[in-house]
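Here the structure is laid out as structure tokens; the discussion comes afterwards.
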Amino acid sequence: MRSFKSGSRTLSVFLCLALLLIGGRQLWASDTSPFLPELEITRVSDTVFSAIGATAAPSRENFGHNNNLTFIIAGDGVVVVNGGDNALLAAALHRAIRERTDKPVRYVINENGQGHAFLGNSYWSELGVPIIAQRLAIEEIQAHGERSLAQMRERMGASVDSAKVVLPDIAVEDSYILDLEGQRIELRRFGRAHSPGDLSVWLPEQRLLIAGDIAFHERLLGIFPDSDVDAWIDSFDVMATLEPEKVIPGHGGPTDIDTIRYYTQGYLKFLRDEVEAILDDDGDLSDAYEIDQSAYSDLDTFEELARKNAGRLFRQMEEKLF
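So in numbering that gives the first Met the number 0, spot 284 of the sequence shown is number 283, and the numbers just go up one at a time.
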């Protein structure tokens with residue numbers, strides 16, 4: 000994604016700051032604002048488009064756009080998957096939608112309770128768009144949303160001073176069906192995985208899966224304190240029974256099920272087996288940090304996450320022994 004055209008970056012930043020100082024702040028979060036990031040949109044099918052996020056940590060330079068923001072043009076409206084990291088990013092996505100259709104956005108789906116899925120909810124909520132998330136994701140936002148907001152404000156600066164946490168309107172459990180003039184869109188929870196409330200979107204007529212953070216490639220996945228690796232491996236198998244022909248993962252470009260199986264489930268199984276062997280040999284945390292993960296070193300964020308993943312998984316598996 001390009002945040003600004005390179006030739007006008009300095010001027011654009013100056014104009015943005017000037018606009019903010021003279022009280023024009025509301026223009027920032029409008030889809031007609033000239034000060035939004037330019038999103039590169041990938042056409043996945045005739046009706047599905049995705050702004051593929053940077054395979055890196057969120058930053059001011061990438062506007063927090065390090066996950067995939069997808070929209071489906073269906074029947075009498077549009078369904079958006081992920082609210083975005085902030086209102087500026089949400090407005091930029093809305094602009095991209097308007098460039099392709101005049102149909103209104105009917106629903107926004109938050110794939111989980113992480114900031115890049117829900118912090119842009121305020122933009123969509125002000126437009127009156129219903130927001131959907133899995134129940135556990137909503138509980139996660141209620142518990143930790145303000146912390147995610149503070150981190151985003153620190154990263155983005157004055158441009159998001161008016162940002163706020165907006166909870167989803169509709170809580171779902173394991174499945175939920177949207178019907179837009181006969182076009183069926185299925186929301187699926189396959190089980191515990193990357194984070195509480197992971198939700199995927201299945202388009203059965205196209206055999207296209209918007210997997211969310213249960214699936215990664217091009218960047219190394221992250222194991223969080225609340226990730227459940229054993230369940231993630233099992234949930235992936237449940238997801239794979241759909242036999243999708245195309246997959247939009249949570250991170251990385253559109254691909255196929257075999258690719259994300261290797262880089263997601265394959266990595267998790269590999270790391271689990273390595274940690275299990277260390278525990279069987281009465282090894283300790285330092286041994287986990289030294290696991291040879293070089294088979295995955297071509298992935299972005301490898302240097303940032305590989306050792307952390309090993310350490311977190313070791314602690315989780317060690318706790319289960321007692």
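The C-beta atom is built at its ideal place from N, Cα and C for all residues, glycine as well.
Because the structure is a prediction, the values reported are computed rather than measured.
THR100 sits in coil when the DSSP states are folded into three classes, being neither helix nor strand. Counting C-beta pairs closer than 8 Å gives three or more between the region 244-255 and the region 207-219, which meets the contact rule. The alpha-carbon of THR258 is positioned some 22 Å away from that of ASN111. Taking the C-beta atoms as reference points, THR46 is found no nearer than 8 Å to PRO253.
Between LEU166 and LEU219, the C-beta gap is not smaller than 8 Å, which leaves the two residues out of contact.
Here ALA132 has ASN109 and PRO167 as same chain residues with Cβ atoms under 6 Å from its own Cβ, once five neighbours each way along the sequence are excluded. According to the DSSP assignment, ARG187 belongs to the beta strand (DSSP E) that extends over 182-187.
Pairing PRO195 with GLU139 gives a Cβ-Cβ distance under 8 Å. Look at the region 113-137 and you find these whole runs of beta strand (DSSP E), each 3 residues long or longer: 130-133. For GLU275 against MET316, the beta-carbon gap comes to about 7 Å, under 8 Å, which counts as contact. Taking C-alpha positions only, GLY282 is separated from HIS193 by approximately 26 Å. One Cα belongs to ALA210, the other to ASN67, and the distance between them is close to 10 Å. According to DSSP, LEU202 shares a beta bridge with LEU207. In the three-state DSSP reduction, PHE34 falls in the coil class, being neither helix nor strand.
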